[in-house]
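Notes for the one structure printed next.
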DNA sequence: TTAAACTTTCAGTAATTTCTGAAACTTCAG
DNA sequence: CTGAAGTTTCAGAAATTACTGAAAGTTTAA
């Protein structure tokens, strides 16, 4: 499996970005390769294409599976496993988003809840707790909201996005239309 | 400046999370400390409270300023600089969001645009370009959308969030109300 | 059961990132 | 000017993270 220059550029770039997206360079490269290659790929092919060890490849595949970004694809008559993307680009983007929320927000929410339970030992600490509470509420809103958006599904989400600046106007309309639900 | 146990827990946690949020441990700790401490803090106080070197502190402050998360606060009669948060929790969260978009999405958008310009050297590459195009469009939507949301400002954003699942219904209403803008 | 084909694990090494502390720099009062 | 009070820079050390490759593990066909 030899990568065309086009694929190579893309794969290299996704490698560099990988670390910013929550996984490391090689995992990023592997994901790009699997997504861009329409044929299912075997672990050894991936290792060869990217010039990385078989062991590292195995760990990377495990990680991508734990993120639910790729899945195994069994080819009848073949002993080895092949790998393909776990869904459309939209699905993959959602998974990344979701997984990052779990890693980046949830633990903090949980800590903040704990810290807010403790009764303050000083005037100072009372103020600190108020601040922490503010952060907590913000993170909770973000979490709830992002889950809402995901529940809408890609189609409605696209509608909402295309609406763009129109959202503001809709919000104003809304108040007149659903007076019971003032917010 | 001695941190209370409450502040210590929070600061330590934000340090751990820091790396997931795009900066490193000490920078995360510094941010937490500055946000939770209502008095302006001097560099030396921060270094002492966190037991880190003065040099590292200086670099961290520089980074937090480049993210626009803290700003200098000059106290008349004092030679040294003090630091305070650059705004409310909401503002800070927006800044982090914005900055991460710049680092995590923009470079990829730019590369994808370049790769799509090149005329494909093969059938294969044509397909790859189509995939890349799909990714490009998705990232562009996300970017546009997140900018829209930020332009709404915290108040309307809160309204939208409280709306929660109601968003779906509003979308349906919308089609009947603004028939010109089908999406 | 055996052995071939393949995968996973993990101890040690390599690469990368972060941190320190000393030196260089800046600013200001006298 | 001079020096005190402060800040920044950056080379090298320390800490962290990623990678390799050999050994152990698994699965299947015969």
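Residue numbers (my numbering), protein chains in the order written: chain A, 5 to 187; chain B, 5 to 187.
Yeah, the Cβ is synthetic: ideal placement off N, Cα and C, and Gly gets one too.
Cβ shell of residue i (< 7 Å), same chain only, five flanking positions each side left out
{"i": "residue 13(A)", "result": "none"}
{"i": "residue 106(B)", "result": "none"}
{"i": "residue 60(B)", "result": "30"}
{"i": "residue 53(A)", "result": "5, 7, 37"}
{"i": "residue 1(A)", "result": "What is shown of chain A runs 5 to 187, which leaves residue 1(A) out entirely."}
{"i": "residue 94(B)", "result": "158"}
{"i": "residue 64(A)", "result": "30, 31, 34"}
{"i": "residue 161(B)", "result": "153"}
{"i": "residue 28(A)", "result": "22"}
{"i": "residue 130(A)", "result": "124"}
{"i": "residue 18(A)", "result": "32, 33, 35, 36"}
{"i": "residue 132(A)", "result": "none"}
Distance, residue j Cα to residue i Cα
{"i": "residue 185(B)", "j": "residue 126(B)", "result": "Below a pLDDT of 50, predicted positions are generally treated as unreliable, and residue 185(B), at 45, falls in that range; no measurement from the model is reported."}
{"i": "residue 109(A)", "j": "residue 33(B)", "result": "16 Å"}
{"i": "residue 70(B)", "j": "residue 82(B)", "result": "24 Å"}
{"i": "residue 187(A)", "j": "residue 36(B)", "result": "In this prediction, residue 187(A) scores a pLDDT of 40, lower than 50, which makes its location untrustworthy; the coordinate-derived value is nonetheless stated afterwards. Roughly 31 Å separates the two Cα atoms."}
{"i": "residue 136(A)", "j": "residue 16(A)", "result": "40 Å"}
{"i": "residue 66(A)", "j": "residue 87(A)", "result": "11 Å"}
{"i": "residue 111(B)", "j": "residue 72(B)", "result": "20 Å"}
{"i": "residue 150(B)", "j": "residue 76(A)", "result": "34 Å"}
{"i": "residue 92(A)", "j": "residue 44(B)", "result": "49 Å"}
{"i": "residue 172(B)", "j": "residue 172(A)", "result": "15 Å"}
{"i": "residue 68(B)", "j": "residue 147(B)", "result": "23 Å"}
{"i": "residue 177(B)", "j": "residue 177(A)", "result": "10 Å"}
{"i": "residue 56(A)", "j": "residue 128(B)", "result": "24 Å"}
{"i": "residue 96(B)", "j": "residue 145(B)", "result": "23 Å"}
{"i": "residue 42(A)", "j": "residue 155(B)", "result": "39 Å"}
{"i": "residue 138(B)", "j": "residue 58(A)", "result": "31 Å"}
{"i": "residue 189(B)", "j": "residue 134(A)", "result": "With chain B covering 5 to 187 only, the question about residue 189(B) has no answer from this structure."}
Cβ neighbours of residue i in the same chain (closer than 6 Å, five flanking residues each side left out)
{"i": "residue 140(B)", "result": "116"}
{"i": "residue 26(A)", "result": "104"}
{"i": "residue 102(B)", "result": "none"}
{"i": "residue 90(A)", "result": "72, 73, 74, 75"}
{"i": "residue 170(A)", "result": "none"}
Neighbour-count burial assignment, residue i, 16 or more Cβ in a 10 Å radius
{"i": "residue 165(A)", "result": "buried"}
{"i": "residue 79(A)", "result": "exposed"}
{"i": "residue 157(B)", "result": "exposed"}
{"i": "residue 9(B)", "result": "exposed"}
{"i": "residue 51(B)", "result": "buried"}
{"i": "residue 121(B)", "result": "exposed"}
{"i": "residue 98(A)", "result": "buried"}
{"i": "residue 118(A)", "result": "exposed"}
{"i": "residue 62(B)", "result": "exposed"}
Proximal residues to residue i (C-beta, below 8 Å), its chain only, five neighbours per side dropped
{"i": "residue 84(B)", "result": "46, 47, 48"}
{"i": "residue 143(A)", "result": "109, 112, 113, 116"}
{"i": "residue 217(A)", "result": "The structure shown has nothing for residue 217(A), since chain A only spans 5 to 187."}
{"i": "residue 20(A)", "result": "29, 32"}
{"i": "residue 174(A)", "result": "167"}
Closer than 8 Å: residue i CB and nearest the ligand FAD heavy atom
{"i": "residue 57(A)", "result": "Among the components of this structure there are no ligands whatsoever, and the ligand FAD is therefore not found."}
Selection of the region 22-52 of chain A by Cβ proximity to chain B, strictly under 8 Å: 24, 25, 26, 39, 40, 42
Residues in the region 95-109 of chain B having any Cβ partner in chain A nearer than 7 Å: 97, 107, 108
Interface residues of the region 111-124 of chain B facing chain A [CB-CB below 9 Å]: 111, 112, 115, 116, 118, 119, 122, 124
Residue ranges of each alpha helix (DSSP H) within the region 76-140 of chain B, 4 or longer: 93-108, 110-121
Within 7 Å of chain A by C-beta, residues of the region 7-18 of chain B in sequence order: 8, 10, 11, 13, 14, 17
Cβ-based contacts, 7 Å cut-off: residues of the region 145-177 of chain B near chain A: 145, 148, 149, 152, 156, 160, 163, 164, 165, 166, 167, 168, 169, 170, 171, 172, 174, 175, 177
Against chain B: residues of the region 80-95 of chain A by CB proximity under 9 Å: 92, 93, 94
Residues of the region 126-141 of chain A with Cβ closer than 8 Å to any Cβ of chain B, in chain order: 126, 128, 129, 131, 132, 133, 135, 136, 138, 139
Residue ranges of each beta strand (DSSP E) within the region 35-74 of chain B, 3 or longer: none
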